[in-house]
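K.L.:
First the structure, then my questions, so here it is.
Shown next as C-alpha cells:
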C-alpha cells in the first residue's frame, strides 16, 4: 500500500478500498467508521445487491485473515448495508465520505441497529449465519439509487 499513515480517514478512497480488499489494512484499525466507508464505496460502485454481497464476502475474508472468524455476523453486515444504501439515496451525487457522514450522523452510532433488532434475536445462530428481518421495527425500504 502506498500510504503508511495510520489514520485511514486521510487515505484516498482507492487506497483505502485496496488495503481492505488485499488484506493489508491493519485489523485493529477496521472499526465502525471504516466499515461504513467500505459499505459506502461498494454502494456507490454498484447496485445494492451486488454491493451487499461484496461487503459480506470482504468482511468475512478480512475477519478470517485476522483470526477473528467469530466476529463476522451476516445480519449485522447486511442491515448496515441497508442503512447506508438508504442514506446514499438521500445524498447529493459527488459528495465525499466526510460529507456523507456529516449529512447522516446517525450512521456514526454503532448502536443504531438496536432500534431495529433485539439483542436476543441478534445473538441467534440464524442471525449470525444468515439474514433475519428486524423484530423491533422495519429497516428503511431499499430503493434504487443512482449508480456510477
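In my numbering, the protein residues as written are 1302 to 1449. Where a beta carbon is used, it is the ideal one built from N, C-alpha and C, also for glycine. Keep in mind it's a predicted model, so treat the numbers as computed, not measured.
(1) Decide if residue 1467 is buried, meaning its Cβ has at least 16 other Cβ atoms within 10 Å, or exposed.
(2) Would residue 1366 be called buried (16 or more neighbouring beta carbons within 10 Å of its own) or exposed?
(3) Among the candidates 1318, 1322, 1316 and 1386, whose CA atom is the shortest distance from the CA of residue 1362?
(4) Do the stretch 1385-1397 and the stretch 1423-1430 meet, that is, are 3 or more Cβ pairs less than 8 Å apart?
(5) Do residue 1385 and residue 1340 have their beta-carbon atoms positioned less than 7 Å apart in this structure?
(6) Extract the residue ranges of the beta strand (DSSP E) inside the stretch 1334-1392, only unbroken runs of 3 or more that lie entirely within it.
P.N.:
Taking the coordinates as given:
(1) The shown model of the chain, from 1302 to 1449, leaves out residue 1467, and the question about it has no answer.
(2) Exposed, since its Cβ has fewer than 16 Cβ neighbours within 10 Å.
(3) If we check each option's Cα against that of residue 1362, 1322 comes out closest.
(4) Counting Cβ pairs under 8 Å, fewer than three are found: no touch.
(5) Yes, they are a contact pair.
(6) Under the rule that a run must span 3 or more residues, no beta strand (DSSP E) segment is found entirely inside the stretch 1334-1392.
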